[in-house]
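Take a look at the structure below.
2 protein chains.
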Amino acid sequence: MRLLMVEDNRRLSHVLKLSLTDAGYAVDAAYDGREALDLAAAAPYDALILDIMLPSIDGLAVCRTLRERHVNVPVLMLTARDTVADRVRGLDSGADDYLVKPFALSELLARLRALLRRDAPRRAALLEVADLRLDPANHTVERDERPIELTTKLFALLEYFMRHPNQILTREMIESHLWSYDYEGASNVVDVYVRRLRCRIDDPFATKLLETVRGVGYRLRATRP
Amino acid sequence: MRLLMVEDNRRLSHVLKLSLTDAGYAVDAAYDGREALDLAAAAPYDALILDIMLPSIDGLAVCRTLRERHVNVPVLMLTARDTVADRVRGLDSGADDYLVKPFALSELLARLRALLRRDAPRRAALLEVADLRLDPANHTVERDERPIELTTKLFALLEYFMRHPNQILTREMIESHLWSYDYEGASNVVDVYVRRLRCRIDDPFATKLLETVRGVGYRLRATRP
DNA sequence: TGGCGCGTGTCATCCGCGTGTCATCCGCGT
DNA sequence: ACGCGGATGACACGCGGATGACACGCGCCA
Numbered sequence: 044m045r046l047l048m049v050e051d052n053r054r055l056s057h058v059l060k061l062s063l064t065d066a067g068y069a070v071d072a073a074y075d076g077r078e079a080l081d082l083a084a085a086a087p088y089d090a091l092i093l094d095i096m097l098p099s100i101d102g103l104a105v106c107r108t109l110r111e112r113h114v115n116v117p118v119l120m121l122t123a124r125d126t127v128a129d130r131v132r133g134l135d136s137g138a139d140d141y142l143v144k145p146f147a148l149s150e151l152l153a154r155l156r157a158l159l160r161r162d163a164p165r166r167a168a169l170l171e172v173a174d175l176r177l178d179p180a181n182h183t184v185e186r187d188e189r190p191i192e193l194t195t196k197l198f199a200l201l202e203y204f205m206r207h208p209n210q211i212l213t214r215e216m217i218e219s220h221l222w223s224y225d226y227e228g229a230s231n232v233v234d235v236y237v238r239r240l241r242c243r244i245d246d247p248f249a250t251k252l253l254e255t256v257r258g259v260g261y262r263l264r265a266t267r268p
Numbered sequence: 044m045r046l047l048m049v050e051d052n053r054r055l056s057h058v059l060k061l062s063l064t065d066a067g068y069a070v071d072a073a074y075d076g077r078e079a080l081d082l083a084a085a086a087p088y089d090a091l092i093l094d095i096m097l098p099s100i101d102g103l104a105v106c107r108t109l110r111e112r113h114v115n116v117p118v119l120m121l122t123a124r125d126t127v128a129d130r131v132r133g134l135d136s137g138a139d140d141y142l143v144k145p146f147a148l149s150e151l152l153a154r155l156r157a158l159l160r161r162d163a164p165r166r167a168a169l170l171e172v173a174d175l176r177l178d179p180a181n182h183t184v185e186r187d188e189r190p191i192e193l194t195t196k197l198f199a200l201l202e203y204f205m206r207h208p209n210q211i212l213t214r215e216m217i218e219s220h221l222w223s224y225d226y227e228g229a230s231n232v233v234d235v236y237v238r239r240l241r242c243r244i245d246d247p248f249a250t251k252l253l254e255t256v257r258g259v260g261y262r263l264r265a266t267r268p
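These protein sequence lines are chains A and B, in that order.
Per this note's numbering: the first sequence ends with 268, consecutive numbering throughout.
Per this note's numbering: the second sequence ends with 268, consecutive numbering throughout.
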């Protein structure tokens, strides 16, 4: 789940980002309204956390502008003020929920979950290849109904494979997709990670999905020949 | 090779165009996202060089839109920013590579070459001869709907035959095409590999496609005479 | 602050398959 | 029937990939 958090207080922003990341979200931080608009336009976020008091363009305006552009990502407003009028303005501007500072982190998380849950059916992001299922949102993987634990890197690797089933991915492609760009000389990181991935998704099962194409790369098979 | 370069900075655009033209590419320049989409839709380019920051529609959106329309021309993104999030966004939007400004021209050219090289097989058409099908991209071969496993060399050999159906290929031609060294004394590598290829694509089937032209070479028949 | 565990990446080693050579067999053409 | 070109099966070597161990860095907890 990708979140855009717009909060100009750096300390609060930092703390929140840590907590949200910890909760499994991919969090981008923006610090003023203009930045927020640019980011929100550029990338598809699953939700926005939007402070009202912001430099350049305030949160209400950001929200209105997004709605005018038919960007209907769920928006959770944060504000220090709490009068009826404030709430009305917030929600009228197009926000979906509204949270008053200071708030408990747990409440923020809960409201966020609610917001995302409501939005869930809109998005069909579950990846399925053969009897493998990967949910990028919940960061879960299972094969044949059995859950599989994966580290961040392994998860990313599997996701890459599952987004290109039956396609050969060369080491170079994988490396440039998951690792930094300036790969130099020979390293067998990819081999090692493929191996580790196999340990999790293939070794315990009869049919192997991840196959080696000697001299070329690797491939995730959707169907057995 | 036809390139579409989308960059709103006129000076940079001009310089780049000169250099790329100099490097042997046919370059069209666009200066904003809308123009880019229109041009990309109208003409088949071999690659796009796409700045992220653009007027009207930004590069990420351009890229996404193209992908949604199943235009899978290779895209090289240019950007002034460089965080992991930027990269992820760039690549998630469907870009194939990502270059951070300022960059060395030589690196741009190198990445471009890599992109075009990598993409070469992807866009190559599926080869079909008789009931044989060979997909250079996925490194797969099937005959009569039945998949066939081939090693690298055998694959290359079959591809060579399929690119020249009904044509006699002499041993010298095959040898100089698949083995770099020039035909020296006697070696029957070619014979051996043709044999191995037959094991896979002819032996299990009734009609034989790979035939020997005694004293001359071999030929892959598309149709029975 | 130091120890601990996990995730990540490197390295050295091991193993099997693909590759190319050779010896031999086969069969077509003369 | 003979000879040559090609077919075929066996074999050894080396590369590409698999594998296990290890070293580093970071967060966590005492």
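Don't be surprised by glycine CBs; every beta carbon is placed ideally from N, CA and C.
Only a predicted model underlies this, so the values are computations on that prediction, with no experimental measurement involved.
Boundaries around G76 of chain B are those of the alpha helix (DSSP H), G76 to A85, since no beta strand (DSSP E) includes it. It is roughly 20 Å from the alpha-carbon of E202 of chain B to the alpha-carbon of R262 of chain A.
Residue pairing from DSSP leaves G102 of chain A without any beta-bridge partner. DSSP places T255 of chain B in no alpha helix (DSSP H) but in the uninterrupted beta strand (DSSP E) bounded by L253 to V256.
Taking the Cα of E78 of chain B as reference, the smallest distance to any Cα among B:D101, B:G67, B:N209 and B:D89 is reached at B:D101. Listed in chain order, the positions of the stretch 169 to 193 of chain B with a beta carbon within less than 7 Å of a beta carbon of chain A are N181, H182 and P190.
For T108 of chain B, no Cβ of chain A is located within less than 8 Å of the residue's own Cβ.
If you draw a 10 Å sphere on the C-beta of H57 of chain B, you find fewer than 16 other C-beta atoms in it, and that means exposed.
Close to chain B, meaning a Cβ-Cβ distance shorter than 9 Å, are the following residues of the stretch 198 to 219 of chain A: N209, Q210, I211, T213, E215, M216 and S219. Within chain B, the residues placing a beta-carbon under 7 Å from that of G258 of chain A are T195, ordered along the chain. Shown here, V233 of chain A sits in a helix according to DSSP, grouped into three states. The C-alpha of M96 of chain B lies about 19 Å from the C-alpha of R110 of chain B. Under DSSP, the beta-bridge partners assigned to G260 of chain A are A:T213 and A:V256.
Counting the other CB atoms within 10 Å of its CB gives A123 of chain A a total below 16, which places it among the exposed residues. Runs of beta strand (DSSP E) with 3 or more residues, each lying fully within the stretch 166 to 197 of chain A, are found at 170 to 172, 175 to 178, 183 to 186 and 189 to 191, listed in chain order. A direct Cα-Cα distance of roughly 9 Å separates T108 of chain A from S136 of chain A. Taking D174 of chain A as the centre and dropping the five residues before and after it, the same chain places the C-beta of R186 and D187 closer than 7 Å to its C-beta, in chain order. Of all alpha-carbon atoms in B:A180, B:W222 and B:L240, the one lying nearest the alpha-carbon of L193 of chain B is that of B:L240. In this structure, DSSP gives V114 of chain B a state outside helix and strand, which the three-state scheme calls coil. Counting only the Cα atoms, D51 of chain B lies some 25 Å from D75 of chain A. According to the DSSP secondary-structure assignment, I92 of chain A is paired through a beta bridge with A:M48 and A:L119.
By the 16-neighbour rule on beta-carbons within 10 angstroms, L47 of chain A is buried. Taking the C-beta atoms as reference points, R243 of chain B is found nearer than 8 Å to L197 of chain B. In terms of Cα proximity to T195 of chain B, the closest of A:D246, A:V259 and A:E254 is A:V259.
With a beta-carbon spacing of about 12 Å, R156 of chain B and D89 of chain B fall beyond the 8 Å limit used to define contacts. Bridge partners of Y141 of chain B according to DSSP: B:M120. Of all alpha-carbon atoms in A:Y236, A:S230, A:P190 and A:A83, the one lying nearest the alpha-carbon of A199 of chain A is that of A:Y236.
The Cβ-Cβ distance between A265 of chain B and V172 of chain B falls below 8 Å. When the five nearest sequence neighbours on each side are left out, the beta carbons in the same chain lying within less than 8 Å of the beta carbon of T213 of chain A are those of V259 and G260, in order along the chain.
Cβ neighbours of L59 of chain B within its own chain (closer than 7 Å, five residues either side excluded): M48 and E50.
The Cβ atoms of L80 of chain A and V116 of chain A do not sit closer than 8 Å to each other.
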